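Chemist: What follows is a structure written as structure tokens; I'll ask about it next.
Number of protein chains: 2
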Amino acid sequence: MESSIEDVLIDLAELFKNFADSTRIKILYDLLDGEKNVTEICEDIDMTQSAVSHQLKILKTSKLVNSKREGKSVIYFLADDHVSSIIAMGKEHVEEDE
Amino acid sequence: MESSIEDVLIDLAELFKNFADSTRIKILYDLLDGEKNVTEICEDIDMTQSAVSHQLKILKTSKLVNSKREGKSVIYFLADDHVSSIIAMGKEHVEEDE
DNA sequence: TAAACATATGAACAAATGTTCATATGAATA
DNA sequence: TATTCATATGAACATTTGTTCATATGTTTA
Numbered sequence: 012m013e014s015s016i017e018d019v020l021i022d023l024a025e026l027f028k029n030f031a032d033s034t035r036i037k038i039l040y041d042l043l044d045g046e047k048n049v050t051e052i053c054e055d056i057d058m059t060q061s062a063v064s065h066q067l068k069i070l071k072t073s074k075l076v077n078s079k080r081e082g083k084s085v086i087y088f089l090a091d092d093h094v095s096s097i098i099a100m101g102k103e104h105v106e107e108d109e
Numbered sequence: 012m013e014s015s016i017e018d019v020l021i022d023l024a025e026l027f028k029n030f031a032d033s034t035r036i037k038i039l040y041d042l043l044d045g046e047k048n049v050t051e052i053c054e055d056i057d058m059t060q061s062a063v064s065h066q067l068k069i070l071k072t073s074k075l076v077n078s079k080r081e082g083k084s085v086i087y088f089l090a091d092d093h094v095s096s097i098i099a100m101g102k103e104h105v106e107e108d109e
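Set out below in structure tokens:
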């Protein structure tokens with residue numbers, strides 16, 4: 012089943028919404044390092060556990076991250092190679108004009 | 012003057028906000044075709060003139076589009092090559108899983 | 001199994017965002 | 001220059017969104 016270009020653009024907007032919040036993009040950027048549990052992420056990006064958990068859920072729902080449980084912890088990791096490409100591309104743009 | 016990675020990520024979130032709304036991304040996608048005046052854009056994406064104008068202003072402020080006046084019309088065009096790269100990359104991601 | 005640790009989640013709240021409506025501004029033309 | 005066409009903009013409104021706070025759930029260990 013093929014989607015119209017309009018549908019694709021709407022999905023695209025949805026995708027970019029994930030990168031459009033500084034907490035979420037910090038989480039994604041943090042996970043470029045490799046998989047981490049929630050506590051680590053909180054420390055790295057200096058946000059409360061609750062705020063991070065809420066955002067992780069959004070990222071997971073949109074399939075940009077995935078998770079696995081390891082004992083008491085839950086480990087999150089990037090679900091998709093495109094994430095790093097998209098961040099890299101945006102980063103290039105942002106760093107270009109300073 | 013060098014910015015911290017945190018600043019870069021905040022700017023990055025700001026950048027992606029522009030792509031995170033379907034009206035704006037439709038405008039940007041529409042302009043991949045080439046420059047167009049406001050009326051054309053409205054017809055192409057089927058949105059009111061006011062809504063489009065408001066969003067064009069946002070896109071212009073964030074320097075993703077530029078404009079020039081030609082008689083009664085104002086012509087808008089993409090200001091940056093990165094725009095197409097970013098859209099293309101996201102499009103690839105979105106179209107991948109269907 | 002009770003306590004401690006790690007994560008998830010719901011409700012409430014404030015702030016940000018996008019559209020509409022009405023109208024203003026700017027430019028061409030009758 | 002009055003009218004028409006094209007675009008911009010402000011105010012109001014509804015919606016969406018992100019954080020905090022309190023608490024629930026799940027897992028290990030004393």
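Protein chains in written order, with this note's numbering: chain R, 12 to 109; chain X, 12 to 109. Idealized CB from N, CA, C, for every residue including glycine. Quick caveat, the model's predicted, so the values are computed rather than measured.
So for R:L89, helix, strand or coil by DSSP?
Modeler: strand
Chemist: Pick from R:E106, R:T50, R:I69 and R:G101: whose alpha carbon is nearest that of R:K83?
Modeler: Selection R:E106, R:T50, R:I69 and R:G101 evaluated against R:K83 yields R:T50 as nearest (Cα-Cα).
Chemist: For X:H65, decide whether its Cβ has a neighbour in chain R, counting only Cβ atoms nearer than 8 Å.
Modeler: no
Chemist: In chain order, what residues of the stretch 17-33 of chain X put their CB closer than 9 Å to some CB of chain R?
Modeler: E17, V19, L20, I21, D22, L23, A24, E25, L26, F27, K28, N29, F30, A31, D32 and S33
Chemist: Which class does R:E46 belong to by DSSP, given the choice of helix, strand or coil?
Modeler: Three-state result, R:E46: coil.
Chemist: Quick one: which residues of the stretch 67-91 of chain X get their C-beta closer than 9 Å to a C-beta of chain R? List them in chain order.
Modeler: Contacts with chain R (Cβ-Cβ distance below 9 Å) from the stretch 67-91 of chain X involve K74 and D91, listed in chain order.
Chemist: Do the stretch 68-86 of chain R and the stretch 17-37 of chain X make contact, defined as three or more Cβ pairs closer than 8 Å?
Modeler: no
Chemist: Note down the Cα distance separating X:K74 from X:L26, rounded to an integer number of angstroms.
Modeler: C-alpha separation (whole angstroms): 10 Å.
Chemist: Flag R:G101 as yes if its beta-carbon sits less than 8 Å from any beta-carbon of chain X, otherwise no.
Modeler: yes
Chemist: Give a yes or no on contact between the stretch 93-101 of chain R and the stretch 94-103 of chain X, applying the rule of three or more CB pairs nearer than 8 Å.
Modeler: Below 8 Å, enough C-beta pairs join the stretch 93-101 of chain R and the stretch 94-103 of chain X to call them touching: three or more.
Chemist: R:N48 and R:V76 look like a contact to me (Cβ under 8 Å); what is the Cβ gap, rounded to whole Å?
Modeler: Actually they are not in contact, since the Cβ atoms of R:N48 and R:V76 sit about 12 Å apart, beyond 8 Å.
Chemist: Give the secondary structure of R:S61 by DSSP, where H, G and I count as helix, E and B as strand, and everything else as coil.
Modeler: In this structure, R:S61 counts as helix in the three-state DSSP scheme.
Chemist: Determine the chain X residues that contact R:S96 at a beta-carbon separation under 7 Å, and present them in chain order.
Modeler: M100
Chemist: Less than 8 Å between the C-beta atoms of R:D106 and X:V19, yes or no?
Modeler: Residue identity differs from the one stated: residue 106 of chain R is Glu in this sequence, not Asp. Yes, Cβ-Cβ distance for R:E106 and X:V19 is below 8 Å.
Chemist: Nearest-angstrom Cα distance between R:E81 and R:H104?
Modeler: 37 Å
Chemist: Taking R:K37 as the query, report the chain X residues whose CB atoms sit under 8 Å from its CB, ordered along the chain.
Modeler: E17 and L20
Chemist: Determine whether the Cβ of R:E51 lies closer than 8 Å to any Cβ atom of chain X.
Modeler: Answer no: the Cβ-Cβ gap between R:E51 and chain X never drops below 8 Å.
Chemist: Would DSSP call X:S15 helix, strand or coil?
Modeler: coil
Chemist: Quick one: Cα of X:K79 to Cα of R:I16, how far?
Modeler: 28 Å
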